[in-house]
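Asks: Letter 280 of the sequence shown, counting from 1, is numbered 279 in numbering that gives the first Met the number 0, and no numbers are missing.
Glycine included, each C-beta is placed from N, C-alpha and C at the ideal position.
Dumping the structure here so I can ask a few things about it.
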Amino acid sequence: MDRIMSKNQVSVLSYSKKIILGLQHLIAMFGATVLVPILTGFDVSTAIFAAGAGTLIFHFCTKNKVPVFLGSSFAFIPVIQIVGQAEGLRYAQGGIIVAGLIYVLLSLVINKIGVSKIIKFFPAQVVGPMVIVIGFNLIPTAFNMAKTNFYLSLTTFATCLILSNFAKGFIKQLAIIISVIVGYLLSLKMGVVDLSLISNAGFLQVPKFQLPAFSISAIITIVPVVMAVFMEHLGDITTNSQVVGKNFIEDPGLNRTLLGDGLATMFAGLIGGPANTTYGENTGVLALTKNYDPSILRLAAIFAIILSFVGKIGGFLSSIPQAVMGGISLVLFSMIALVGFKTLKNAHTPMNLKNILIIASILIIGLGGHVGINLGIKLSDAVSLSGLSLAALVGIILNALLVKFEDYVNRKNS
């Protein structure tokens, strides 16, 4: 009897830990996911609901193997704004659905070609700098949040670093949520928390679901974004793979991750939310906690769905000062960049001329915008292929060409 009780206690403790870790992922994704509907005009609660439901759809499509959270995509913001102002948000939803459908069609094409033929285009000299670019491109956003109050952000940042480096056991895995609590309590003491966000929020609310409408002009405006977000998707799944130590492009397969992302985006467009995408914030949480259990991300998704109906919880999360979230985000995004450097190191990537050219090309194109080097390919009046998307594309093509040239030279000399 005692043995049975002991097993039950362990089970309950395990579930309790998962719940706390799930809440930690929810906090990490909340700020960015809420910002997208605020900037585009979509209902915040609907966006949160779509993020939670979209994450569950993604996990179903990927056989529950990939620890990913899908949140609102920033890449779609400019085209949603253009269509929203010209025709209304319902037509933007229609364009989002078509974009998601293209994702689904791409997944079918990749499944037909075979994922094994795709993997060879992603050696360490391509993957490593892609991950570095993702991390470094996110850091300025975190810094802009942090600089709203450096005292708060540095306190939160330092708390997280100390816990993640010196704490033991489960406390170490809770470094993020504990740091946010410390930052929030300090914010309360300093009187910089907007408590009206909590008091004015209702206890229960129903998200403002609305059906889409379709027009050729809206579709033509939104669809070109797919090329950019496809490369972004490749980068995010590659980063997630490097953090976890598994090749998710191979198993469950890029076809399945694209299918999950596409169906989640179509679902968001159907109910009145912005397009979904994989989130760097949550990948940063994985890198920091070293806990890669996908079921924790599914718990976070369920919490997001519940949150969309409970105004008080949303009000509390919205009241967390930007500086506190900035301090945490600096840690998370730096962890992603660090994974990129580790990818190159662990693969023992030779620093020959070929690899230096590939790495340098990806870094210059991907990070050039921060130093005035703005390279891009214009796809439409509102969309251009630039930053990470262009960097990844150039890196993949350049590597393939140089490998073929290297093989040709070797054959000629042999």
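Using the three-state DSSP reduction, which class does residue 12 fall into: helix, strand or coil?
Replies: Caution is warranted here: a pLDDT of 47 is assigned to residue 12, below 50, making its placement in the model unreliable, and no coordinate value can be reported.
Asks: Using the beta-carbon count (16 or more within 10 Å), is residue 359 buried or exposed?
Replies: Residue 359 should be labelled exposed.
Asks: For a quick check, are the C-beta atoms of residue 270 and residue 256 less than 7 Å apart?
Replies: Cβ distance not < 7 Å, so residue 270 and residue 256 don't count as in contact.
Asks: Just curious, the alpha helix (DSSP H) that residue 61 is in, first and last residue?
Replies: Run containing residue 61: none; DSSP gives neither H nor E here.
Asks: So residue 57 packs on residue 260, CB below 8 Å; how close in whole Å?
Replies: Going by Cβ atoms, the distance from residue 57 to residue 260 rounds to 6 Å, so yes, they are a contact pair.
Asks: Run through DSSP, which three-state label would residue 294 get?
Replies: DSSP places residue 294 in helix when its eight states are reduced to three.
Asks: Let's see if you can read the secondary structure: which residues bound the beta strand (DSSP E) around residue 269?
Replies: Element bounds for residue 269: not the beta strand (DSSP E) but the alpha helix (DSSP H), 253-270.
Asks: Taking buried to mean at least 16 other C-beta atoms within 10 Å of its own C-beta, is residue 11 buried or exposed?
Replies: Confidence is the limiting factor: at residue 11 the pLDDT is only 44, short of 50, which leaves the residue's position unreliable, though a coordinate-based value still follows. Classification of residue 11: exposed, given that the 10 Å Cβ count is below 16.
Asks: Please list, in chain order, all residues of the same chain as residue 1 whose beta carbon is under 7 Å from its beta carbon, the five residues on each side excluded.
Replies: Low per-residue confidence applies at residue 1: pLDDT is 42, beneath 50, and the placement is therefore not dependable enough to give any value.
Asks: How do the segment 318-328 and the segment 178-196 stand: do at least 3 beta-carbon pairs fall below 8 Å, yes or no?
Replies: Yes, since at least three Cβ pairs between the segment 318-328 and the segment 178-196 fall closer than 8 Å, the two stretches touch.
Asks: What residue from 203, 17, 126, 43 has the CA that sits closest to residue 240's CA?
Replies: Selected option, being the one with the closest Cα: 126.
Asks: Counting only the same chain and skipping the five closest in sequence on each side, list residues whose C-beta sits under 6 Å from that of residue 288.
Replies: Here the set comprises 172.
Asks: Tell me, please, whether the CB atom of residue 306 is closer than 7 Å to any CB atom in chain B?
Replies: Reference to chain B is not applicable here, since this structure consists of a single protein chain.
Asks: Which one of 411, 212, 293 has the shortest CA to CA distance from residue 245?
Replies: Comparing Cα positions, the closest option is 293.
Asks: Report yes if the C-beta distance between residue 60 and residue 378 is below 7 Å; otherwise report no.
Replies: In this structure, residue 378 does not lie closer than 7 Å to residue 60 by Cβ.
Asks: Thinking C-beta only, is residue 43 closer than 7 Å to residue 71?
Replies: Contact flag unset, no.
Asks: Tell me whether residue 131 is buried or exposed, calling it buried when 16 or more other Cβ atoms sit within 10 Å of its Cβ.
Replies: Under this definition residue 131 is a buried residue.
Asks: Is it buried or exposed, residue 352, if we count other Cβ atoms within 10 angstroms and call 16 or more buried?
Replies: The residue is exposed, with fewer than 16 neighbouring Cβ atoms inside 10 Å.
Asks: Look at the alpha carbon of residue 304 and the alpha carbon of residue 407, and state the distance between them as a whole number of angstroms.
Replies: Whole-angstrom Cα-Cα distance: 55 Å.
Asks: Considering only C-alpha positions, which residue in the set 400, 403, 366 is nearest to residue 389?
Replies: The candidate whose alpha carbon is nearest that of residue 389 is 366.
Asks: Confirm, please, whether the CB-CB distance from residue 27 to residue 242 is below 7 Å.
Replies: No, they are not a contact pair.
Asks: Under 8 Å: do the segment 98-112 and the segment 217-230 share three or more Cβ pairs, one atom per stretch?
Replies: Segments in contact, yes.
Asks: I'd like to know if the segment 14-24 and the segment 157-175 are in contact, where contact means that at least 3 CB-CB pairs between them fall below 8 Å.
Replies: Output reads yes: the segment 157-175 touches the segment 14-24.
Asks: Could you round the C-beta distance between residue 205 and residue 315 to whole angstroms and report it? I think they count as a contact, below 8 Å.
Replies: Not a contact, Cβ separation roughly 19 Å.
Asks: Under three-state DSSP, which class holds residue 375?
Replies: Correct three-state label for residue 375: strand.
Asks: Could you give the first and the last residue of the continuous alpha helix (DSSP H) run that contains residue 147?
Replies: No alpha helix (DSSP H) holds residue 147; DSSP gives it neither H nor E.
Asks: Starting from the Cα of residue 278, find the closest Cα among 188, 332, 194 and give me that residue.
Replies: Cα-wise, what sits closest to residue 278 is 332.
Asks: Verify whether the separation of the beta carbon atoms of residue 391 and residue 230 is less than 7 Å.
Replies: For residue 391 and residue 230, yes; Cβs fall inside 7 Å.
Asks: Looking only at C-alpha atoms, which of 411, 405, 337, 310 sits nearest to residue 135?
Replies: Of the listed residues, the one whose Cα sits closest to residue 135 is 337.
Asks: Let's see if you can read the secondary structure: which residues bound the alpha helix (DSSP H) around residue 412?
Replies: Its alpha helix (DSSP H) spans residues 386-412.
Asks: What residue ranges within the segment 285-346 form continuous alpha helix (DSSP H) runs of no fewer than 4 residues, ordered along the chain?
Replies: 293-306, 310-317, 321-345, all fully within the segment 285-346.
Asks: From the DSSP output, in three-state form, read off residue 71 for me.
Replies: Strand, per DSSP.
Asks: Taking only three categories from DSSP, how would you classify residue 203?
Replies: If DSSP states are grouped into helix, strand and coil, residue 203 belongs with the strands.
Asks: I believe residue 75 touches residue 399 by the beta-carbon criterion, under 8 Å. Please report the beta-carbon distance rounded to the nearest angstrom.
Replies: Actually they do not touch by this definition, with Cβ atoms about 29 Å apart.
Asks: Candidates 267, 220, 348: which alpha carbon is nearest residue 84's?
Replies: That would be 220, whose Cα lies nearest to the Cα of residue 84.
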